[in-house]
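Q:
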Amino acid sequence: MDNLRVHHAERVKIAIESVGAFVKFLPPYSPDLSPIELCWSKLKQFLCSREARTLELLDQAMALAVNYITEDDAYEKVQPLWSIYLNCCNTRPSRGN
């Protein structure tokens, strides 16, 4: 889970463990485990290359940027994470996690 404060509440832990699952938190900031961060990086690079200096030009660039991330890009960003996620799911948490 992410580190949203409410996720650390004892009642959340109890609810999760009551169905036989384990609570496992991501490191405090882990962009390498978040494919959206990799996509944002590509979008920011695209927007910077447009050098939009007005709100109108920025709006136009953002409209183009939406199509800049392709299905192949998304697959390329997500696919390497499966082994990491599966490893996390198959590892019992240590105390204090």
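In our numbering, the protein residues as written are 1 to 97.
Ideal Cβ positions, reconstructed from N, Cα and C, are used throughout, including at glycine.
1. Could you check what DSSP says for Glu100 in three-state terms: helix, strand or coil?
2. Can you look up Pro31 in the DSSP assignment and give me helix, strand or coil?
3. How many angstroms separate the CA atom of Glu56 from the CA atom of Met62?
4. Can you tell me whether Lys24 is helix, strand or coil according to DSSP?
5. How would you write the range of the alpha helix (DSSP H) that Glu17 sits in, first residue to last?
6. Is the separation between the beta-carbon of Ile84 and that of Leu43 shorter than 8 Å?
A: The structure says:
1. This structure cannot settle anything about residue 100, because the visible part of the chain is limited to 1 through 97.
2. helix
3. Met62 has its alpha-carbon roughly 10 Å from the corresponding atom of Glu56.
4. coil
5. Glu10 to Glu17
6. no
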